[in-house]
Amino acid sequence: MPKHKPKRGAPTIDMTAMTDVAFLLLTFFMLTAKMKPSESVVVDTPSSISDTKLPDAGTLTLLVSKEGAVHLDMVGQHTRKYLIENVDTAYKLNLTPEQKVRFANGTGFGVSREKLKQFLSTEDNAVKEALQKNGIPIDTADINKSELADWIHRARLAQFEMKKQDIVKEEYVIVIKADRSTPYPAVQKVINTLVDINVNKFNLITNTEAKPGAEKE
Amino acid sequence: MAEMQVADSGGGKKGGKVRAKKMSTRIDFTPMVDLGFLLITFFMLTTTLAKPQIMALVMPEKDIDKTDLEPVKESKVLTLMLGKDDKVYWYEGITDAKLDSTDFSAEGLRKVILNKMDKVEQQFGLEDYKKKNKEGVEEDLKGSFVNVIIKPTKESTYKNLVDALDEMAITKVRYYVILDVSKLEEDFIKNPAGGLKFSAEEQAEATTK
Numbered sequence: 002m003p004k005h006k007p008k009r010g011a012p013t014i015d016m017t018a019m020t021d022v023a024f025l026l027l028t029f030f031m032l033t034a035k036m037k038p039s040e041s042v043v044v045d046t047p048s049s050i051s052d053t054k055l056p057d058a059g060t061l062t063l064l065v066s067k068e069g070a071v072h073l074d075m076v077g078q079h080t081r082k083y084l085i086e087n088v089d090t091a092y093k094l095n096l097t098p099e100q101k102v103r104f105a106n107g108t109g110f111g112v113s114r115e116k117l118k119q120f121l122s123t124e125d126n127a128v129k130e131a132l133q134k135n136g137i138p139i140d141t142a143d144i145n146k147s148e149l150a151d152w153i154h155r156a157r158l159a160q161f162e163m164k165k166q167d168i169v170k171e172e173y174v175i176v177i178k179a180d181r182s183t184p185y186p187a188v189q190k191v192i193n194t195l196v197d198i199n200v201n202k203f204n205l206i207t208n209t210e211a212k213p214g215a216e217k218e
Numbered sequence: 020m021a022e023m024q025v026a027d028s029g030g031g032k033k034g035g036k037v038r039a040k041k042m043s044t045r046i047d048f049t050p051m052v053d054l055g056f057l058l059i060t061f062f063m064l065t066t067t068l069a070k071p072q073i074m075a076l077v078m079p080e081k082d083i084d085k086t087d088l089e090p091v092k093e094s095k096v097l098t099l100m101l102g103k104d105d106k107v108y109w110y111e112g113i114t115d116a117k118l119d120s121t122d123f124s125a126e127g128l129r130k131v132i133l134n135k136m137d138k139v140e141q142q143f144g145l146e147d148y149k150k151k152n153k154e155g156v157e158e159d160l161k162g163s164f165v166n167v168i169i170k171p172t173k174e175s176t177y178k179n180l181v182d183a184l185d186e187m188a189i190t191k192v193r194y195y196v197i198l199d200v201s202k203l204e205e206d207f208i209k210n211p212a213g214g215l216k217f218s219a220e221e222q223a224e225a226t227t228k
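Listed in order, the protein sequences are those of chains X and D.
Residue numbering for the first sequence follows the numbering used here, starting at 2 and increasing by one per position.
Residue numbering for the second sequence follows the numbering used here, starting at 20 and increasing by one per position.
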């Protein structure tokens with residue numbers, strides 16, 4: 002019997018197990034992933050101890066930026082499509098079908114009605130940002146002239162219609178998402194608009210914060 | 020790197036037939052693993068595992084029939100005015116109100132509210148507020164002792180409002196409302212002596228704090 006010669010050359014490592022783990026994790030993350038929704042304005046929300054979760058569907062979000070510009074965002078392609086059709090006919094904006102599709106597939110927006118066409122026809126983010134600088138105009142003196150109130154009203158109608166047609170099942174909720182450092186008057190304007198159109202119940206989006214425990218009492 | 024292609028010396032064939040070089044059947048998995056981890060990283064960073072929380076807020080109706088309202092005892096009312104730089108100005112009742120200020124820390128606003136609750140409890144002896152619920156567990160209804168009015172001023176931020184509402188949730192205050200700050204109260208903050216019936220000592224106290 003010849004002696005067993007020690008094998009020369011590089012040692013081999015079996016990568017199979019590692020690959021298995023890597024792909025298992027990959028599959029997990031891919032399946033559980035829900036993309037961070039891109040928002041038209043960056044908002045850093047304050048935190049609270051509330052533990053109610055934001056529902057997935059049927060939300061109408063009013064974003065209030067640091068500067069106080071109000072943006073509107075709603076979930077649901079069908080609802081958005083209905084909404085833009087409605088607004089287009091009501092105000093004769095003469096939007097093209099492509100622009101409507103862009104609105105339906107888009108996210109939040111913060112432009113005045115007259116600039117909406119321009120907003121929907123551009124892809125340039127810098128232009129979009131410039132158009133959205135002031136957000137949706139709010140008229141606190143006359144609610145009938147307030148564009149924000151009109152948008153919310155029509156968005157609710159759209160959601161109601163979608164529910165009636167059984168396209169959307171969820172009840173909608175109205176949420177306000179404002180930045181920590183948003184000055185209160187800007188938020189107040191939004192709240193007053195909601196109260197004016199008889200929306201007295203709404204929600205504020207917050208981050209989670211630990212509940213103060215036994216320190217109390 | 021897992022599998023190095025080592026040049027096969029083939030045991031050093033001595034002038035034999037030239038055989039086709041035997042290729043290793045192993046596949047180098049390294050690029051695949053790299054790609055796998057790259058994608059994992061991507062998905063980990065883009066996922067939102069934690070959904071944001073919501074805090075319900077109910078505002079009073081605009082056109083409310085004021086004759087149907089039940090009056091509130093003045094001594095149960097605590098007014099908080101959210102001011103500049105995360106400050107909270109507060110006073111109790113209306114007549115002979117003393118303006119005081121605090122902050123949003125656990126020792127600040129929370130103490131003020133809890134103290135007010137204790138005060139109301141002492142004054143009214145609200146024993147019956149401790150009721151048993153359906154399951155027979157004694158519920159702490161201390162939160163219904165006070166009526167808190169939150170008045171954010173123009174200088175306050177949204178964070179202040181949420182913090183104040185959060186404090187209501189922590190101390191379980193059941194009756195609270197958000198109102199606009201009045202001109203009188205703005206003056207009251209600026210000049211505590213002018214507005215709501217202040218004596219000289221109280222003014223000194225309020226301004227030094």
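Ideal Cβ positions, reconstructed from N, Cα and C, are used throughout, including at glycine.
This one's a predicted model, so the numbers in the text were calculated from it and none came from an experiment.
Could you give the DSSP three-state label for E111 of chain D: helix, strand or coil? Taking the first residue of the second sequence as 1, we reach residue 111 of chain D at position 92. If DSSP states are grouped into helix, strand and coil, E111 of chain D belongs with the strands.
With 16 as the cutoff for other CB atoms within 10 Å, does E218 of chain X come out buried or exposed? Your numbering for residue 218 of chain X matches position 217 in the first sequence. Residue placement at E218 of chain X cannot be trusted, given a pLDDT of 35 that sits under 50; the coordinates are not used to answer.
Contacts that M78 of chain D makes with chain X (C-beta to C-beta distance below 7 Å): Position 59 of the second sequence, counted from the first residue, corresponds to residue 78 of chain D. The contacting residues are I192, V196, N201.
Own chain partners of S28 of chain D with C-beta closer than 8 Å, once the 5 adjacent residues on each side are dropped: Here residue 28 of chain D corresponds to residue number 9 of the second sequence, with the count starting at 1. Here S28 of chain D scores only 47 on pLDDT, less than 50, and its place in the model should not be relied on; the value that follows carries that caveat. Nothing meets the Cβ criterion.
Pairing CB atoms from the region 177-185 of chain D with CB atoms from the region 172-184 of chain X, are three or more of them under 8 Å? Contact between the region 177-185 of chain D and the region 172-184 of chain X is present, because at least three Cβ pairs lie under 8 Å.
Residues that DSSP places opposite L63 of chain X in a beta bridge: Within the first sequence, the letter at position 62 stands for residue 63 of chain X. L63 of chain X pairs with X:L73, X:I177.
CB-CB under 8 Å to D122 of chain D, same chain, minus the five flanking residues each way: which ones, in chain order? Residue 122 of chain D sits at position 103 when you count from the first residue of the second sequence. D105, K106, V107, L128, listed in sequence order.
Is there a Cβ from chain D that is less than 8 Å from the Cβ of I168 of chain X? In the first sequence, counting from the first residue as 1, residue 168 of chain X sits at position 167. So no, I168 of chain X is outside the interface.
Please list, in chain order, the chain X residues whose beta carbon lies closer than 8 Å to that of Q72 of chain D. Sequence index remark: in the second sequence, residue 72 of chain D carries index 53 (1-based). Result: S49, S51, D52, T53, K54, L55, I206, T207, N208, T209.
Nearest neighbour of L99 of chain D, chosen from D:I168, D:K191, D:L54, D:L133 [CA to CA]: What you label residue 99 of chain D is simply residue 80 of the second sequence in a count that begins at 1. Comparing Cα positions, the closest option is D:I168.
Note down, in chain order, each residue of its chain lying with its Cβ closer than 6 Å to the Cβ of T62 of chain X, except the 5 sequence neighbours on either side. Translated into positions along the first sequence, residue 62 of chain X becomes position 61. These residues qualify, in order along the chain: D74, V176, K178.
Length of the line joining the Cα atoms of A75 of chain D and I14 of chain X: Here residue 75 of chain D is taken as the residue at index 56 of the second sequence, counted from 1. Here residue 14 of chain X is taken as the residue at index 13 of the first sequence, counted from 1. Cα to Cα, A75 of chain D sits roughly 56 Å from I14 of chain X.
Can you list the residues of chain D that A58 of chain X reaches, using a CB-CB cut of under 7 Å? By 1-based counting over the first sequence, the position of residue 58 of chain X is 57. Going along chain D, no residue has its Cβ under 7 Å from A58 of chain X, so there is no contact; the nearest lies around 12 Å.
Please state whether DSSP places I197 of chain D in a helix, a strand or coil. Sequence index remark: in the second sequence, residue 197 of chain D carries index 178 (1-based). If DSSP states are grouped into helix, strand and coil, I197 of chain D belongs with the strands.
Rounded to the nearest angstrom, what separates D206 of chain D and K54 of chain X at their Cα positions? Position 187 of the second sequence, counted from the first residue, corresponds to residue 206 of chain D. Position 53 of the first sequence, counted from the first residue, corresponds to residue 54 of chain X. About 40 Å.
Within the continuous alpha helix (DSSP H) that includes L203 of chain D, where are the two ends? In the second sequence, counting from the first residue as 1, residue 203 of chain D sits at position 184. Unbroken alpha helix (DSSP H) run through L203 of chain D: 202-209.
Complete runs of the beta strand (DSSP E) confined to the region 139-208 of chain X [at least 3 residues]: 174-179
Do V191 of chain X and V88 of chain X have their C-beta atoms closer together than 8 Å? Your numbering for residue 191 of chain X matches position 190 in the first sequence. Your numbering for residue 88 of chain X matches position 87 in the first sequence. No; because the gap between Cβ atoms is not below 8 Å, this pair is not in contact.
Can you tell me which of the three DSSP states P213 of chain X falls into? Locating residue 213 of chain X in the first sequence gives position 212, counting from the first residue. Here P213 of chain X sits in coil by DSSP.
Assuming P79 of chain D is part of the beta strand (DSSP E), what are its boundary residues? Taking the first residue of the second sequence as position 1, residue 79 of chain D is located at position 60. First-last for P79 of chain D: undefined, no H or E at that position.
May I ask you to report which of helix, strand or coil DSSP gives S94 of chain D? Position 75 of the second sequence, counted from the start, is the residue given in the question as residue 94 of chain D. It is helical.
Just how far apart, CA to CA, sit T207 of chain X and M16 of chain X? Sequence index remark: in the first sequence, residue 207 of chain X carries index 206 (1-based). Sequence index remark: in the first sequence, residue 16 of chain X carries index 15 (1-based). Whole-angstrom Cα-Cα distance: 44 Å.
Minimum Cβ-Cβ distance from S163 of chain D to chain X less than 8 Å: Position 144 of the second sequence, counted from the first residue, corresponds to residue 163 of chain D. Not an interface residue.
Rounded to whole angstroms, how far is the Cβ of L205 of chain X from the Cβ of V181 of chain D, which I believe are closer than 8 Å? One-based indexing of the first sequence puts residue 205 of chain X at position 204. One-based indexing of the second sequence puts residue 181 of chain D at position 162. L205 of chain X to V181 of chain D, Cβ: 6 Å. Contact.
Buried or exposed: where does K101 of chain X fall if 16 or more other Cβ atoms within 10 Å of its Cβ makes it buried? Here the question's residue 101 of chain X lines up with position 100 in the first sequence. It counts as buried.
On the three-state DSSP scale, how would you describe T123 of chain X? Taking the first residue of the first sequence as 1, we reach residue 123 of chain X at position 122. Coil, per DSSP.
Per DSSP, K54 of chain X is paired with what? Position 53 of the first sequence, counting from 1, holds the residue named residue 54 of chain X. DSSP output for K54 of chain X lists D:Q72 as bridge partner(s).
Quick one: give me the first and last residue of the alpha helix (DSSP H) that V139 of chain D is part of. Your numbering for residue 139 of chain D matches position 120 in the second sequence. Its alpha helix (DSSP H) spans residues 128-143.
Can you name the residues of chain D whose CB is closer than 9 Å to the CB of D180 of chain X? Position 179 of the first sequence, counted from the first residue, corresponds to residue 180 of chain X. Those within 9 Å of D180 of chain X in chain D are T176, Y177, K178.
Specify the secondary structure class of L32 of chain X as computed by DSSP and reduced to three states. Numbered from its first residue, the first sequence carries residue 32 of chain X at position 31. L32 of chain X: helix per DSSP, three-state reduction.
8 Å contact criterion, which L84 of chain X and A150 of chain X should meet: CB distance rounded: If you number the first sequence from 1, residue 84 of chain X lands on position 83. If you number the first sequence from 1, residue 150 of chain X lands on position 149. In fact, because the Cβ distance is near 14 Å, the residues do not count as touching under 8 Å.
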